[in-house]
Amino acid sequence: MWLTQKSQPRSYPFINPVDYLADVEKSLQLNFIYIQLKDITTDLLQKLKHDPTAVLLIDTYNEHGLAEQRLLFVNLINGQCEVPVVIGRAYADLSTDQLQLYAATDLGGLLIDGLGDGVFIAAERCGSDKMVNETAFGILQATRTRISKTEYISCPSCGRTLFDLQETTAKIRSRTSHLKGIKIGIMGCIVNGPGEMADADYGYVGSGPGRITLYRGKEVVKKNVPTPQAVDALIDLIREDKNWIEPQTIN
Ligand code: SF4
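The numbering used here puts the sequence shown at residues 93 to 343.
See the structure below:
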């Protein structure tokens, strides 16, 4: 396919390890090499180490795929091979919930340990491409591999919680989810909330029944805002800092 399309922009070959080692024609910029654990050999590691155009797409058919792929990474590390790796997994006939759960476990388990640079989810009869794509970006976001949307840090809620945390989080999310790279803390109470917000850029913290206090980082900027106006006040604050982008202007 690539040989017939190679003049097209952003068109790169996808090569099996046998052809890769046999020096088939390759792109000068970027080449994807599809391997499984069994394909790792000293020759392959040596070649990959000296090829700045190589990116591995790793796959597994093992019932314990995560363990096998982890071993593949161990082989790369032991071979001092720093080639970028896209972790691939294939699924079929799963519900949306199952796909999200399995992919998050299989791929996220490796990424969270710092193994891998990207994900490739092949999903047959599991739901729409949009959902699969969102799942992939969600896994990258949750493992901090690639931040592509707003990050929310909300407290687990407890007896001190001063508002409906799920409903409020959903409301804030529906207005701000397009703000790439911003972290918003949503905390149920002022007693422990600010301490639990960690490194959030903005904080929305319950300060009394029907009242919210807004934070910029760890600094209080607006106290006791009535709840009905609080989300707008949060957006005004983000706008003041020039961090606001209108949703329709996002490409
Ligand atoms: S921030 Fe407050 S409401 Fe939320 S879990 Fe902690 S103590 Fe409870």
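No residue lacks a Cβ here, since even glycine has one placed at the ideal position from N, Cα and C.
Could you compute how far the alpha carbon of Leu164 sits from the alpha carbon of Cys173?
Looking at the two C-alpha atoms, the distance is approximately 11 Å.
Thr305 in three-state terms, based on DSSP:
DSSP places Thr305 in strand when its eight states are reduced to three.
Ignore the nearest five residues each way along the sequence and tell me which others in Arg238's own chain have a CB closer than 7 Å to its CB.
Cβ within range, chain order: Leu232.
Using CA coordinates, which residue listed in Leu158, Gly219, Val175 and Ile282 is at the minimum distance from Gly205?
Looking at the sequence shown, residue 205 is not Gly but Asp. Relative to the Cα of Asp205, the nearest Cα in the group Leu158, Gly219, Val175 and Ile282 belongs to Leu158.
Opening and closing residue of the alpha helix (DSSP H) in which Glu226 lies:
Membership of Glu226 in the alpha helix (DSSP H) is indicated by the continuous run Asp221 to Ala234.
Quick one: what does DSSP say Val116 is sitting in, helix, strand or coil?
Of the three classes helix, strand and coil, the one that applies to Val116 here is coil, per DSSP.
For Gly201, which residues of its own chain have a beta-carbon under 7 Å away from its beta-carbon, when the five flanking residues on both sides are left out?
Hits under 7 Å: Leu158.
For a quick check, are the C-beta atoms of Tyr294 and Ile330 less than 8 Å apart?
Between Tyr294 and Ile330, the C-beta spacing is below 8 Å.
By the 10 Å Cβ neighbour count, where 16 or more other Cβ atoms means buried, how is Thr227 classified, buried or exposed?
The Cβ neighbour count for Thr227, taken over all protein chains shown within 10 Å, is at least 16; the residue is labelled buried.
Which listed residue (Asp131, Pro144, Lys130 and Leu140) has its alpha carbon closest to that of Gln121:
Taking only the C-alpha atoms, the option nearest Gln121 is Pro144.
Note down, in chain order, each residue of its chain lying with its Cβ closer than 6 Å to the Cβ of Thr242, except the 5 sequence neighbours on either side.
Apart from sequence neighbours up to five positions away, the residues of its chain that approach Thr242 with a beta-carbon distance below 6 Å are Thr268, Ser269, Leu271 and Ile274, ordered along the chain.
In the DSSP assignment, find the unbroken alpha helix (DSSP H) run with Asn108 in it and report its ends.
Note, Asn108: premise wrong, no alpha helix (DSSP H); not H, not E.
Using only the heavy atoms of the ligand SF4, determine whether one of them is closer than 7 Å to the beta carbon of Ser249.
For the ligand SF4, at least one heavy atom lies less than 7 Å from the Cβ of Ser249.
Is Ala196 helix, strand or coil when you go by DSSP?
Residue state, collapsed to three classes: helix.
Look up Gly201 in the DSSP assignment and say whether it is helix, strand or coil.
Gly201: helix per DSSP, three-state reduction.
Here's the rule: buried if 16 or more other CB atoms are within 10 angstroms of the residue's CB, otherwise exposed. What is Arg217?
That one is exposed.
Residue range of the unbroken beta strand (DSSP E) whose run includes Gly298:
Secondary structure note for Gly298: its beta strand (DSSP E) is the uninterrupted segment Tyr294 to Gly300.
State the Cα-Cα distance for the pair Tyr107 and Gln190, rounded to the nearest angstrom.
At residue 107 the sequence reads Ile, which differs from the Tyr that was named. CA-CA distance, Ile107 to Gln190, rounds to 31 Å.
Give the range of the beta strand (DSSP E) segment to which Ala325 is assigned.
Looking at the DSSP string, Ala325 is not in any beta strand (DSSP E); the run it does join, the alpha helix (DSSP H), is Thr319 to Glu332.
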